[in-house]
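Just remember that our numbering sits 10 ahead of the position in the sequence shown, which is counted from 1.
Every residue, glycine too, gets a C-beta built ideally from N, C-alpha and C.
First the structure, in the form of structure tokens, and then the observations on it.
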Amino acid sequence: MRIATWNVNSARMRAGLIADFLKREQPDLLLLQEIKCETQQFPAAAFEAEGYRAEVVGQKAYNGVAVLSRGAVTVTHRRLPGEEEDAAARFIEIEAGGLLVGNLYLPNGNSGGGDGFAAKLDWMEKLRRHAASLLEHDRDFILAGDYNVCPTDADLAKGALPADDALVRPESRAAFRALIWLGLTDALRALHPDETLYTFWDYQAGAWQRDRGLRIDHALLSPRVAERLDTVRVAREERDKPQPSDHVPVIVSLRD
11 MRIATWNVNS
21 ARMRAGLIAD
31 FLKREQPDLL
41 LLQEIKCETQ
51 QFPAAAFEAE
61 GYRAEVVGQK
71 AYNGVAVLSR
81 GAVTVTHRRL
91 PGEEEDAAAR
101 FIEIEAGGLL
111 VGNLYLPNGN
121 SGGGDGFAAK
131 LDWMEKLRRH
141 AASLLEHDRD
151 FILAGDYNVC
161 PTDADLAKGA
171 LPADDALVRP
181 ESRAAFRALI
191 WLGLTDALRA
201 LHPDETLYTF
211 WDYQAGAWQR
221 DRGLRIDHAL
231 LSPRVAERLD
241 TVRVAREERD
251 KPQPSDHVPV
261 IVSLRD
């Protein structure tokens with residue numbers, strides 16, 4: 011089973027790139043974040059042509075998540091448990107073949123001052139509680155997407171962010187570690203513990219050309235799923251395409 015996660019920074023603008031990725035990589039599931047459109051505006055037809063159906067939680071101009079699947083899936087949540095009905099479109103969870111897959115776009119935390127950062131930490135705590143509940147109920151799951159957290163200093167280029175950025179603040183990293191300490195596995199670091207791998211390069215200041223990147227897109231696996239982990243690849247080549255997203259896909263392969 012192959013599951014890819016990708017913050018596409020506008021599904022409509024990148025529809026061609028997404029369709030090309032599906033054709034080449036043929037993942038079983040593609041988790042998209044920051045689709046930046048309402049549900050009815052999502053370019054589902056472009057992906058249906060490649061054999062994929064879409065489950066979408068959209069929002070006008072901002073946020074938004076979607077799951078593209080080759081087979082039938084069941085949607086189990088359209089918002090993170092504990093979030094309000096009118097919360098931003100940041101989470102969708104599906105079940106496929108007994109595996110729960112949560113697709114998330116975690117708040118950045120740099121806007122809105124102290125309240126904005128507090129909202130980021132609150133969202134992360136709700137995510138931790140949800141993961142703990144799934145473990146308590148003995149479910150197999152993956153929580154993947156744009157976490158907007160660099161877990162350690164090895165996950166960003168030197169000087170790429172100031173120390174007070176919400177993506178690297180001690181509180182953000184502690185909240186990420188709290189997920190790991192539940193017993194989850196960071197898929198990429200499990201197989202590439204020391205390799206310098208980034209998933210995001212800003213559009214500004216020549217970040218891509220200078221390789222001043224960040225690793226903020228993660229896939230966290232529950233214990234039995236971690237035992238099935240086969241490969242993890244960062245599709246870095248996507249960042250060099252015309253009009254690319256500032257993120258690239260992370261592709262996780264599981265053994266049967």
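query: Which residue from D96, I28 and D163 puts its Cα closest to that of E58?
result: By 1-based counting over the sequence shown, the position of residue 58 is 48. When D96, I28 and D163 are compared, the shortest CA-CA separation from E58 is found for I28.
What residue range does the alpha helix (DSSP H) around I190 cover? To locate residue 190, count along the sequence shown from 1; it is residue 180. From DSSP, the alpha helix (DSSP H) with I190 extends over P180 to I190.
key: Between the CA atoms of D165 and D204 - distance to the nearest angstrom   = Position 194 of the sequence shown, counting from 1, holds the residue named residue 204. Position 155 of the sequence shown, counting from 1, holds the residue named residue 165. Approximately 10 Å, taken between the alpha carbons.
> Beta carbon of L144, beta carbon of S232: below 8 Å?
Replying inline: Against the sequence shown, residue 144 aligns to sequence position 134. Against the sequence shown, residue 232 aligns to sequence position 222. A contact, by the Cβ cut-off of 8 Å.
query = Between A21 and the rest of its own chain, which residues show a CB-CB distance below 8 Å, the 5 nearest in sequence each way excluded?
reply = Residue numbering aside, residue 21 sits at position 11 when the sequence shown is read from its first letter. Within its own chain, the residues whose Cβ lies closer than 8 Å to the Cβ of A21, once the five positions on either side in sequence are excluded, are I28, L42, I45, K46, C47, F52, P53, G74 and A76, listed in chain order.
Q | Own chain residues within Cβ distance below 7 Å of A99, not counting five before or after | A | If you number the sequence shown from 1, residue 99 lands on position 89. Excluding sequence positions up to five before and after A99, its CB lies within less than 7 Å of the CB of V67, G68, Q69, N73, G74 and V75, all in the same chain and listed in chain order.
V85 versus D256 - alpha carbon distance
Stepping through the sequence shown from its first residue, residue 85 is reached at position 75. Stepping through the sequence shown from its first residue, residue 256 is reached at position 246. Here the alpha carbons of D256 and V85 stand approximately 28 Å from one another.
Taking 6 Å as the limit between beta carbons, can you name the residues of its chain near M134, skipping five residues before and five after?
In the sequence shown, residue 134 corresponds to position 124, counting from 1. Answer for M134: A185, listed in chain order.
Between which two residues does the beta strand (DSSP E) carrying E35 extend?
-> In the sequence shown, residue 35 corresponds to position 25, counting from 1. Careful: E35 lies outside any beta strand (DSSP E), inside the alpha helix (DSSP H) at A25 to E35.
Where does V235 sit, in a helix, a strand or coil, going by DSSP?
Within the sequence shown, the letter at position 225 stands for residue 235. Secondary structure at V235: helix, using DSSP grouped into helix, strand and coil.
Exposed or buried, which one is G26 when buried takes at least 16 other CB atoms within 10 Å? What you label residue 26 is simply residue 16 of the sequence shown in a count that begins at 1. That one is exposed.
Q) Can the beta-carbon of P259 be found closer than 8 Å to that of A14? A) Along the sequence shown, read from residue 1 onward, the residue named residue 259 stands at position 249. Along the sequence shown, read from residue 1 onward, the residue named residue 14 stands at position 4. Yes, Cβ-Cβ distance for P259 and A14 is below 8 Å.
| Same chain only: Cβ atoms within 6 Å of N158, ignoring 5 sequence neighbours per side | Translated into positions along the sequence shown, residue 158 becomes position 148. Non-local beta-carbon contacts of N158 in its own chain, meaning distances under 6 Å to residues more than five positions away in sequence, involve L116, N118, L177 and I226 in chain order.
8 Å Cβ cutoff met for L153 and G112:
As a first step, residue 153 must be located in the sequence shown, where it is residue number 143. As a first step, residue 112 must be located in the sequence shown, where it is residue number 102. L153 places its beta carbon less than 8 Å from that of G112.
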